[in-house]
Every structure is written in C-alpha cells, then in structure tokens.
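Residue numbers (the working numbering): 80 to 606.
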C-alpha cells in the first residue's frame with residue numbers, strides 16, 4: 080500500500096497537477112470560445128435574413144424579446160399591441176439562441192400552414208417537453224413521411240360512423256356532471272368553478288371513447304386521471320422555468336422525479352390496455368366467434384388499421400397515439416366548453432336563443448339525450464361555439480420550422496430553420512381581419528357568410544389540422560346543448576379576484592384557462 084501511495088504521489092505531483100489543470104482549462108476555454116463565435120455568427124446571419132420583417136424594440140441584444148413573452152393576461156394584451164402595430168408579422172428573438180417569425184394575418188398564416196408535410200418540422204422549443212409522454216412517433220410530434228403515414232392510419236378512427244357511437248358517451252358523461260351540479264345547487268352551492276368539473280367530464284368521456292373504460296373519475300379519485308392532470312401541470316411549470324428546459328437538470332429536480340412517477344402510471348395503463356386488446360382481437364380471430372361484439376373504440380380501430388403495404392402500427396406506436404388522444408383531447412375540449420358557457424353567461428340574449436333552439440329540437444321526446452342527427456340542427460348554438468373558439472381559442476399559437484425557405488407576401492422570406500409562431504390569438508383578434516374583434520358576435524359565423532379567408536379562423540386549421548376536430552366539435556355541441564337545456568348561466572364572482580378585471584383574467588398555458596378559475600352561477604331550469 081505504501082508503494083502505491085508513493086507512486087501516486089510521484090505522478091500527481093503539484094507541478095504535474097498544475098499542468099493537467101491548465102490543459103483542461105485551456106481546452107474548455109477553446110470550446111467556449113468556438114461555441115460563442117458560432118452562436119454570434121448564427122445570430123448575425125438570422126438577424127440579416129429576418130431584416131425584411133419589422134422588429135419590436137428589444138431590451139438588449141443578449142435578452143432580445145425574452146421578457147416580453149408572458150403567459151398572463153398582460154401577455155395577451157401585448158400580443159394585441161403587436162397586432163395593432165405590425166398588422167401581419169414581425170421578427171422575434173429570444174436572446175441569440177432562438178430566432179422566430181410571428182404571424183397574425185391570414186395572408187401570412189396560409190403559406191405556413193399549407194406548406195407540404197415533407198418540409199415541415201415540429202420545433203424543439205414547444206414540443207420537446209412532450210416527447211417523454213407522447214413518444215417520438217406520436218402524430219403530434221412526428222414529421223414528414225412518418226407523420227403522413229400516421230395520419231392515414233388514424234383517420235378512420237374519426238370517421239362519421241365512429242363519431243356517431245361516441246355521441247352516446249358524450250351524453251353519459253355530461254349527465255353525470257349535471258347530476259353533480261344539481262346536488263351542489265340543492266346543497267346551496269350555486270356558483271361553481273367550471274374548469275375542474277368540465278376537465279373531469281372530458282377525461283371521463285375520452286376514457287370511454289378511447290378504451291371503453293368507465294373510470295368513474297367524476298365521482299371518485301382515479302390514479303390514471305390524477306396522473307394525466309399532474310403531467311399537464313408539470314409541463315406548464317417546466318416551460319416557465321428556463322433551467323428546467325435542459326433534461327440533465329430537470330430529471331434531478333423534485334418536479335422531474337414527480338413527472339417520471341406520473342408518467343409511469345400513464346404508460347403502464349395504456350400499455351396494459353393495448354396488450355390486452357390485441358390479445359382479445361387475436362383470440363376472436365382464432366376462434367372465429369360469432370358472439371355479439373361491443374362497438375369498436377379508438378384503440379380497436381387503430382389496432383386493426385393497415386397501410387397500403389398491409390402493415391399496421393406496433394404496440395408502442397398505438398400506445399403513443401392513445402396517450403396523444405388523451406393529452407390533446409381533454410384540456411382543449413374542456414377549455415372550449417368552459418369559455419363557450421362563459422360567453423353565453425355574459426350574453427343572456429344569445430344564451431336564451433340557443434336554449435330555445437335546443438328546447439324546440441327536444442320537444443316531444445321522452446328522453447333528454449342529444450343524438451348524432453341533432454347536431455346538424457343546432458345552427459345558432461354552433462355559431463356561438465365557433466365565435467367563442469375565435470374569441471377564446473383553447474390553443475393560442477402553434478409553431479413550425481421548415482427545412483427550406485418559405486415565401487410570404489411582400490417579398491418576405493422565412494429562412495429555413497427559423498421557428499414560425501403562428502398566433503391563433505393574434506389572427507383571431509386582428510382588427511384588419513375582424514370588425515370589433517373583442518366583441519362576442521355569433522352572426523360572424525352565419526352559414527351564409529362565405530367571403531372570409533379560410534385562414535382567418537384557425538382553431539384547427541392547416542393540412543396538419545387537428546385530426547380530432549370533428550370529435551371535439553361534436554362533444555362541444557352535445558355538452559353546451561344539454562347544459563343550456565338544464566341550467567341558466569350567469570357570470571359568477573371569482574373568489575380570488577373579486578370584481579377586479581370584471582372577475583376574469585385570462586391565463587394562456589397549454590390551453591387558455593382563467594386565473595383563479597372560471598366561475599359561473601347555475602340556476603336549474605324546469606326542463
């Protein structure tokens with residue numbers, strides 16, 4: 080042992096140790112210098128290429144517009160000012176690291192959303208944090224031919240014939256929610272926070288449609304549903320903390336460990352469902368059973384789906400799409416429902432007109448459920464839903480990158496590799512596109528109004544439009560119609576804000592929510 084110590088002492092003499100440390104420091108300095116030079120050259124190149132776009136003032140070249148993007152009411156008001164000032168687009172820099180083009184006019188939105196899937200890439204700024212949950216091959220994450228193949232294979236799951244079956248499940252989950260509301264009102268609670276109730280209802284509905292699974296999550300705690308809600312909250316928290324954007328930091332934090340635990344619950348549930356369902360389908364084929372079968376759900380359909388070469392999706396791919404269906408479907412639809420009910424609560428004349436439309440439709444029936452064929456007859460209710468989607472779109476923006484330059488009007492060009500932020504909120508509130516853009520005017524969506532640009536109203540737009548938009552609109556109409564049939568709505572006072580800001584402050588997160596919740600007064604009707 081003494082000999083070993085002597086050898087180490089000789090090798091690691093102070094002189095030798097100093098030389099090693101000097102070499103390491105010199106090497107690190109070179110790496111940092113090269114990285115800094117490349118960063119600055121890249122920043123200068125993008126600054127030059129994006130000079131064709133107007134640029135709002137920056138705090139400094141190092142910060143850029145970093146402090147100007149806020150997930151608050153004030154952040155949305157700043158978007159309003161951008162739109163008023165720049166009309167259609169502007170450049171945007173997050174320090175020297177990220178270079179963006181923000182667009183908020185249909186003429187500029189269209190070339191970006193209509194770009195071919197083969198040159199369109201999901202950028203890392205928005206979508207990277209979703210990869211651990213949804214997987215690399217998810218429709219929401221994938222690009223190019225992988226995305227195109229997935230889209231073709233998943234489209235049958237949202238065919239009208241399948242959606243007809245889902246309407247019964249929308250009714251059932253809505254009935255459960257309304258039963259809860261009646262009990263609360265009977266006990267003296269007449270003002271209710273919408274997001275908590277409606278989010279559980281949409282999760283309940285999705286579980287029935289996706290997995291034929293009755294979670295009873297509206298009445299009791301569900302481990303899977305709790306994990307879904309926790310994952311959504313943790314993703315929001317991660318986006319707002321720049322240090323947590325790096326995986327090697329995030330996974331060591333308390334939040335990162337909580338994310339992994341919740342993720343384990345969600346992935347275990349979907350994996351078990353897919354494996355059991357594939358085994359059941361295989362068994363039914365082998366026995367050629369003639370027994371009556373239940374109606375197919377989302378997992379059944381994508382398990383049986385084949386591409387042009389006769390190849391289907393792997394278990395891992397199906398799990399990814401099932402996770403995507405749950406993630407993308409519950410929060411966005413819940414947000415759309417809540418804001419529609421809020422807007423109708425603030426406009427009692429429109430609310431009453433919708434209620435009369437539903438009442439006339441249901442006249443003479445024994446039950447109070449909405450049928451598939453009823454949806455086409457809810458004309459004015461649908462106009463109100465669309466106007467609410469314009470005024471309070473669940474998703475405020477989508478981002479894309481392109482592998483080649485994209486031409487925009489006015490001889491402007493988006494360089495390849497630039498992140499394009501398509502502002503749904505900005506486009507929907509652009510005064511050069513919409514008259515009185517901050518007013519709730521359902522008449523904008525009268526079926527006879529056909530002279531509007533197809534990209535002026537984009538809650539689901541583009542060739543990569545939300546594959547579940549028909550599903551979401553069907554659920555929206557069912558829930559809104561049944562709610563108006565059974566309850567009169569009025570704005571409720573937010574206990575956190577009181578009468579401040581009219582009791583409402585918008586909160587743009589993964590979807591548009593309300594600070595302190597969205598509170599409405601419920602008064603049961605006699606129906």
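Positions of the beta carbon are idealized from the N, C-alpha and C atoms, including for glycine.
For residue i, which three-state DSSP category applies?
| i | result |
| --- | --- |
| residue 325 | coil |
| residue 590 | coil |
| residue 473 | coil |
| residue 611 | The requested residue 611 does not occur in the structure, where the chain is confined to residues 80 to 606. |
| residue 566 | strand |
| residue 184 | coil |
| residue 171 | strand |
| residue 349 | helix |
| residue 354 | helix |
| residue 500 | strand |
| residue 421 | helix |
| residue 486 | strand |
| residue 447 | coil |
| residue 59 | Nothing can be reported for residue 59: it is not among the residues displayed for the chain, which extend from 80 to 606. |
| residue 143 | strand |
| residue 201 | coil |
| residue 605 | coil |
| residue 478 | strand |
| residue 597 | coil |
| residue 607 | Coverage of the chain is limited to positions 80 through 606, which leaves residue 607 absent and any answer about it impossible. |
| residue 179 | strand |
| residue 573 | strand |
| residue 465 | helix |
Could you tell me how far apart the beta carbons of residue i and residue j are, in whole angstroms, since I believe they sit closer than 8 Å?
| i | j | result |
| --- | --- | --- |
| residue 556 | residue 457 | 5 Å |
| residue 551 | residue 415 | 7 Å |
| residue 232 | residue 386 | 6 Å |
| residue 261 | residue 488 | About 54 Å separates the two Cβ atoms, so there is no contact after all. |
| residue 420 | residue 212 | That pair is no contact at about 29 Å. |
| residue 437 | residue 180 | Not a contact, Cβ separation roughly 44 Å. |
| residue 310 | residue 353 | The pair is not a contact, with the Cβ atoms about 19 Å apart (cut-off 8 Å). |
| residue 424 | residue 599 | 5 Å |
What's the call for residue i, buried or exposed, on a 16-neighbour Cβ count within 10 Å?
| i | result |
| --- | --- |
| residue 397 | buried |
| residue 592 | buried |
| residue 513 | buried |
| residue 327 | exposed |
| residue 466 | buried |
| residue 538 | buried |
| residue 499 | buried |
| residue 140 | exposed |
| residue 293 | exposed |
| residue 167 | buried |
| residue 554 | buried |
| residue 469 | buried |
| residue 303 | buried |
In chain order, what residues of the same chain have a beta carbon less than 6 Å from the beta carbon of residue i, not counting five sequence neighbours either side?
| i | result |
| --- | --- |
| residue 317 | 208, 323 |
| residue 131 | 491 |
| residue 243 | 451 |
| residue 471 | 418, 591 |
| residue 291 | 376 |
| residue 125 | 178 |
By Cβ distance below 8 Å, which residues in the same chain neighbour residue i in space, the five residues on each side in sequence not counted?
| i | result |
| --- | --- |
| residue 216 | 225, 229, 395, 396, 399 |
| residue 587 | 150, 151, 154, 155, 475, 504 |
Quick one: residues in its chain with C-beta nearer than 7 Å to the C-beta of residue i, no 5 flanking neighbours on either side, listed in chain order?
| i | result |
| --- | --- |
| residue 525 | 462 |
| residue 162 | 183, 505, 508, 509 |
| residue 482 | 198, 200, 495 |
| residue 350 | 398 |
| residue 288 | 245, 248, 376, 377 |
| residue 560 | 437, 449, 457, 460 |
| residue 284 | 248, 249, 252, 554 |
| residue 65 | An answer regarding residue 65 cannot be provided, because it is not within the stretch 80 to 606 covered by the chain. |
At a threshold of 8 Å, does residue i count as lining the ligand SAM (C-beta to nearest heavy atom)?
| i | result |
| --- | --- |
| residue 199 | In the structure shown, the ligand SAM is absent, as is every other ligand, since no ligand is present at all. |
Inset, instruction - Please specify which runs of the beta strand (DSSP E), each continuous and at least 3 residues long, are wholly inside the stretch 206 to 282, giving them in chain order. - result: 270 to 272
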